[in-house]
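Remarks on the structure that follows.
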Ligand code: IMP
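Okay, here's the thing in structure tokens:
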């Protein structure tokens, strides 16, 4: 039955694209419900690597309809670039295959300029500088421009021009930055609207019709619960609902239509940008887990190229995420990266202000004072990339997976053991 949800269970970059790709095989619709082009993952089509930021990954499956839901913030300029790249890889992107909710909000150059300007001050948190926070700010302030406005490119252009002029005042007066040429931006966005308006569709009705017809829908989350505006490590978070609540608000579907909730977690932990990270590593072990950047799977941001902070798997944080979202199933990614390490640590509790706790504190100041209490497991030396069943994994590796299962309380249904599509173990 109808909606499966795929959520990031850490600080993003868990390899959700990889798992979506496996699950989207039999989906009729793949829908994005939150975030914008701050997300990113690469898909390899033959010899071409396509980076997806906005377009749902069902675009690579012939019969799949892809929805950009109302909870998303959309940058028309970057979306057109992405569509062009997908087409260049030989994949058709038509209005029948890509639908945009008229209620999604538009990211404008002014939002991006403000994001960059604020990041340069001491209030910066290490955003992706895609204008995400400022676009959601306008949405919450009820002054945002929605995608539906693109239906009338001329009027849309006028609103874009007005927005840019208003932002210019802030750029000049608050941040002492150069203004943006409002007329040039307006003209560019009018052109973008002409190209994108054919994709506007009543996505709520589309999804409800699909539910009535018992079609399979995959709701694809961007970012992750620990970056969620409410449940993440505020203020070091993104500005959208990246957890389960975002599916309902970001798509307009009811909770009882959700029948499967899958969390994706890496076999270790990473985070980009500022904010508390109890199990963070530095030195040689960090370099080992991060990789050099020469492989596409190394721990460097796919949107910004920034080196990611890396650490041991944090099972306290994972339990928190599982609870909030009602995650029943976990997909564990990048297990192969741990091969060859003699010992592995996983945090099973924290020591916080002299007190031991198994619960993740809700505020970042307290979390920053928490020291992880580790359980140490024996590592494995064999390469696991050839394994296609749990039985083919070394015993110590199986123990590591079972430890995650036992501590988190969620069933591990998928384990990825390498970057290729088929390097995946279905445990049941
Ligand atoms: P923003 O979403 O660009 O406003 O950035 C806010 C925070 O979320 C920063 O710490 C970013 O590094 C982080 N962030 C946003 N998108 C992603 C993502 O897709 N993966 C990992 N971190 C992200």
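Numbering (the working numbering), first residue to last: 17 to 444. Here a beta-carbon is modelled for each residue, glycine too, at the ideal position from N, C-alpha and C.
Presumed contact (8 Å Cβ cut-off) between residue 86 and residue 268, rounded CB distance: The C-beta distance from residue 86 to residue 268 rounds to 6 Å, short enough to meet the 8 Å contact threshold.
Given 8 Å, three or more beta-carbon pairs between the region 44-56 and the region 292-305: Segment contact: the region 44-56 against the region 292-305, fewer than three CB-CB distances shorter than 8 Å; contact not assigned.
Coarse secondary structure for residue 398, derived from DSSP in three states: Of the three classes helix, strand and coil, the one that applies to residue 398 here is coil, per DSSP.
Contact check, residue 21 vs residue 277, beta carbons under 8 Å: Taking 8 Å as the Cβ cut-off, residue 21 and residue 277 qualify as a contacting pair.
Closer than 7 Å: residue 306 CB and nearest ligand 1 heavy atom: Residue 306 Cβ: outside cutoff for every heavy atom of ligand 1.
First and last residue of the uninterrupted beta strand (DSSP E) at residue 23: Segment 19-24, the beta strand (DSSP E) holding residue 23.
Beta-carbon proximity check, residue 74 vs residue 288, cutoff 8 Å: Pairing residue 74 with residue 288 gives a Cβ-Cβ distance that is not under 8 Å.
Residue 338 vs residue 426 beta-carbon contact at 8 Å: The Cβ atoms of residue 338 and residue 426 lie closer than 8 Å to each other.
Alpha-carbon to alpha-carbon, residue 331 and residue 366: So the alpha carbons of these two residues sit roughly 10 Å apart.
In DSSP terms, what residue 82 is bridged to: Note: residue 82 is bridge-paired with 46 and 114 in the DSSP secondary-structure output.
Euclidean distance between Cα positions of residue 394 and residue 44: Those two C-alpha atoms are separated by around 42 Å.
Proximity test, residue 253 beta-carbon vs ligand 1 heavy atom, cut-off 7 Å: Under cutoff, so the answer is yes.
Host beta strand (DSSP E) of residue 444 (start-end): Run containing residue 444: none; DSSP gives neither H nor E here.
Own chain partners of residue 385 with C-beta closer than 7 Å, once the 5 adjacent residues on each side are dropped: For residue 385, the CB contacts under 7 Å within the same chain, skipping 5 residues up- and downstream, are 368 and 369 in chain order.
Same chain, Cβ closer than 7 Å to residue 417, neighbours up to 5 away in sequence not counted: The beta carbon of residue 417 lies closer than 7 Å to those of 348, 428 and 431 in the same chain, with the five residues before and after it left out.
Beta carbon of residue 390 nearer than 8 Å to that of residue 313: Their beta carbons are not under 8 Å apart, which means residue 390 does not touch residue 313 by this criterion.
Cβ pair residue 25, residue 286 closer than 8 Å: No, the pair does not count as a contact, with Cβ atoms beyond the cut-off.
C-beta contact flag for residue 71 and residue 82 at 8 Å: Cβ atoms of residue 71 and residue 82: closer than 8 Å.
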